Structure formats: structure tokens, C-alpha cells
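To start, the structure itself, in C-alpha cells.
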Amino acid sequence: MSWVILFLAGLFEIVWAVGLKYSEGFSRLWPSLITLIALAISMVLLGLSLRTLPLGTAYAIWTGIGAVGTVTLGIFLFGEPASLFRLLCIALIVFGIIGLKFGPA
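Position 92 (the sequence shown) corresponds to 248 in the working numbering; numbering is contiguous.
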């Protein structure tokens, strides 16, 4: 169950990171509120997952999910570049997440 909680924490990290863009420096009320709520939920869920998961592994996976999701949405929502090099780097992050989850302890 801790892995599911960690995954959800990573999804909320994506929400708050993208929300930062939409909040325009916290100058827009609703995107700012969504960003702050998603940030709080993400942190609480990360904290809950840390009850049973190793800190380093959980934190790396949490930030990895957030990074991959945020970059992906940046490409689709904001027209950020999707160069081959950039996509390869994202793939490395994904492989790192998989390695941390399924590799030897």
C-alpha cells in the first residue's frame, strides 16, 4: 500500500508543479489555491509512505514521478521542446525509478 501512496504523492507533485505555471507567480487565485492544496496533499502522502519505505528510495521515486510527469505535460500543454536528447534523459529517469522499485535492496 505504501507504493500506491507514494505513486499518488508523485501525481500530486505533478499537479502542483504544473499549477505553479498556471498560477503566474501566485497572482491568480484559483490556480494558486489548487497548487497549494496539491502541494500539501503530495507532502502528506509522501510522509505517509515513509512510514515503511526507505527515505532515499521514496524521495527519488517521488521526485522522478514528478519530473517525468511535469516534463511530459510541459511538452503537451506549453509546447516545450521534445528533442531526442531530452526524451532520452526522461527515459533515464524512468529506468531509474523502475530500478529503485524493482532492483535489489
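Just so it is clear, CB atoms sit at the ideal spot from N, CA and C, and this is done for glycine as well. Small disclaimer: the values here were computed from a predicted structure and weren't measured.
- Collapsing the DSSP output to three states places T191 in a helix.
- Exclusion of the five residues before and after L202 leaves A165 and W218 as the residues of its chain whose Cβ lies within less than 6 Å of its Cβ.
- One thing to note: V224 has its Cβ no nearer than 7 Å to the Cβ of I254.
- The continuous stretches of alpha helix (DSSP H) do not include G235, and DSSP gives it neither H nor E.
- Taking all protein chains shown into account, W186 has fewer than 16 neighbouring C-beta atoms within 10 Å of its C-beta and is therefore exposed.
- Boundaries of the alpha helix (DSSP H) harbouring R242: L240 to F258, taken from the DSSP string.
- For F168, the CB contacts under 8 Å within the same chain, skipping 5 residues up- and downstream, are A194, L195, I197, S198 and L201 in chain order.
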